[in-house]
Amino acid sequence: MSKGTFTYEQLAAATGGFAEENLVGQGGFGYVHKGVLAGGKAVAVKQLKSGSGQGEREFQAEVDIISRVHHRHLVSLVGYCIAGARRVLVYEFVPNKTLEFHLHGKGLPVMPWPTRLRIALGSAKGLAYLHEDCHPRIIHRDIKSANILLDNNFEAKVADFGLAKLTSDNNTHVSTRVMGTFGYLAPEYASSGKLTEKSDVFSYGVMLLELVTGRRPIDAGAADHPWPASFMEDDSLVEWARPAMARALADGDYGGVADPRLEGSYDAVEMARVVASAAASVRHSAKKRPKMSQIVRALEGDMSLEDLNEGMRPGQSMVFGTAETGGSISEASGSYTFDMDRIIQEATAARLESGRRDDVSFSGEMSAEWKQPPHRVSR
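Final position of the sequence shown in UniProt numbering is 379; the numbers increase by one with none missing.
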């Protein structure tokens, strides 16, 4: 047995026979159990559902891609198991659940601002490594709060590489069928399947908006959040945030975008960096979005917000397609609005019908169709 491979019997022993009390996550992909290896190392054991061609592809992608990466802000693969039709992945165990859980879980303490900033910076560093330090470059394809795991110090680790793509340094983009999660998809990727690192940047920008506002990317029916009713009229976080971020950055007043649960307890300079980074990341034009390394520097205060927003035409705000004075949407982004409205309506109807919320801890649905909750898409 070579290093990094396990027998099914070893993993069964590590998880107490895949006991229910060790179950830490489940979804369309299968089940995740906490386990302890013979040497005492805690691991997360992800057992994929058998008989699925998509599941087999995602297993191969995870083993191929995650074995290439080594970074403190990326979940590391300990090993894997192939036993007949069984496919099992073994990761380092990250004990503190997901960003989604801590931001949106009921009855939990409000996540303080310094913790949110730490998570934003850590996940940005992990993505910058994938995009700029790996050869070939790696596009994650499913950045979202459910795929950001947290350790006991609330340091972020990017997880779930089942949809990731390798891309040659010579390729400007990869054409592929659309997969990902509703609310996080970049417009050019959702409409044409044209995938670049900037698709990840858009998804990361949506996640930044979650950290700033405390709101889910698609919030229809979320009546338990302390935002006013007028806020909830916009189903899409990105659609609502465009004019709101423009006003906040112009006025230097972030009360209109900050999570009300923070009660104003945040550093205004840090908030400006995060809001400006989010605004730049969710631009309609992929070419005008910054690289992840630029976002890292902006969050750390080593890059001016003007430099982060270079290339925007005069008369535009930092928010894509939004006029400085009126907050109206440009023609270029109008088609995106139409497409996302359709996607959001389908996703919301499916979610309300099923009565289920978004993905469970440690990734989520691995191969959901367009109209199946929890908003993981594949076409």
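Backbone N, C-alpha and C define an ideal beta-carbon position, used for all residues, glycine too.
Integer Cβ distance of residue i from residue j, believed to fall under 8 Å
i           : j      : result
Ala164      : His140 : 5 Å
Cys81       : Tyr8   : 6 Å
Val296      : Ala258 : Not a contact, Cβ separation roughly 22 Å.
Val282      : Val206 : 6 Å
Phe161      : Glu56  : Not really, about 15 Å apart at Cβ, beyond 8 Å.
Phe101      : Val43  : Going by Cβ atoms, the distance from Phe101 to Val43 rounds to 20 Å, so no, they are not a contact pair.
residue 400 : Leu77  : Lying before the first or after the last residue shown, residue 400 is absent from the chain, which here runs from 1 to 379.
Ala85       : Ser50  : 4 Å
Leu166      : Ile143 : Contact doesn't hold; Cβ gap of about 16 Å is too wide.
Identity of the residues DSSP links to residue i by a beta bridge
i           : result
Ile82       : Arg87
Thr167      : Arg137
Ala190      : None; Ala190 has no bridge partner.
Val32       : Gly25 and Lys46
Ala156      : Leu150
Thr5        : Tyr80
Leu305      : Per DSSP, none; premise fails for Leu305.
residue 380 : The question about residue 380 has no answer here: the residues shown for the chain are numbered 1 through 379.
Leu299      : According to DSSP, Leu299 bridges with nothing at all.
Leu211      : According to DSSP, Leu211 bridges with nothing at all.
Ser236      : Ile218
Residue i versus residue j - alpha carbon distance
i      : j      : result
Ala246 : Phe202 : 17 Å
Phe59  : Ile65  : 10 Å
Leu237 : Gly40  : 43 Å
Pro217 : Tyr266 : 22 Å
Ala14  : Leu305 : 49 Å
Gly256 : Trp240 : 11 Å
Leu48  : Ser67  : 18 Å
Pro243 : Leu208 : 16 Å
Ala272 : Phe6   : 48 Å
Leu185 : Asn309 : 21 Å
Ser191 : Gly214 : 27 Å
His104 : Ala268 : 23 Å
His33  : Asp253 : 45 Å
Leu130 : Tyr204 : 13 Å
Pro95  : Gly107 : 19 Å
Asp263 : Pro187 : Residue identity differs from the one stated: residue 263 is Glu in this sequence, not Asp. Going by the C-alpha atoms only, they are around 33 Å apart.
Glu132 : Gly25  : 31 Å
Ala128 : Lys194 : 20 Å
Asn147 : Lys97  : 10 Å
Ala298 : Ala278 : 11 Å
Gly4   : Glu210 : 36 Å
Ala12  : Gln294 : 44 Å
Asp302 : Arg72  : 21 Å
Met292 : Ala156 : 15 Å
Ser145 : Thr181 : 11 Å
Gln10  : Leu37  : 8 Å
Gln345 : Ile119 : Bear in mind that a pLDDT of 48 at Gln345, under 50, signals an unreliable position, so the model cannot answer this.
Leu99  : Leu117 : 12 Å
Leu109 : Arg261 : For the sequence presented, residue 109 should be read as Pro rather than Leu. Their Cα atoms are separated by approximately 10 Å.
Glu300 : Ala280 : 16 Å
Gly79  : Lys46  : 11 Å
Gly183 : Tyr189 : 12 Å
Gly35  : Leu23  : 9 Å
Gly326 : Phe29  : The pLDDT assigned to Gly326 is 33, lower than 50, so where the model puts this residue is not dependable; a value taken from the coordinates is nonetheless given after this. Taking the straight line joining both Cα atoms gives about 45 Å.
Glu270 : His284 : 24 Å
Met179 : His70  : 25 Å
With a threshold of 8 Å, are at least 3 pairs of Cβ atoms found where one atom belongs to the segment 16-34 and the other to the segment 116-135?
Counting C-beta pairs with one atom in each stretch, the segment 16-34 and the segment 116-135 have fewer than three that are closer than 8 Å, which means they do not touch.
Assess contact between the segment 88-107 and the segment 187-199, defined as three or more Cβ pairs (one per stretch) separated by less than 8 Å. Is contact present?
Contact fails: fewer than three Cβ-Cβ distances are below 8 Å.
With three or more C-beta pairs closer than 8 Å as the rule, is the segment 94-113 touching the segment 278-291?
Output reads no: the segment 94-113 does not touch the segment 278-291.
Examine the Cβ distances between the segment 235-254 and the segment 148-167 and report whether three or more of them are shorter than 8 Å.
The segment 235-254 vs the segment 148-167: no contact.
Ignoring anything shorter than 4 residues, give me the alpha helix (DSSP H) runs that lie fully in the segment 89-131, in order along the chain.
Runs of alpha helix (DSSP H) with 4 or more residues, each lying fully within the segment 89-131, are found at 99-104 and 113-128, listed in chain order.
What alpha helix (DSSP H) runs, 4 residues minimum, are completely inside the segment 242-304?
List check, alpha helix (DSSP H) in window: 268-281 and 292-300.
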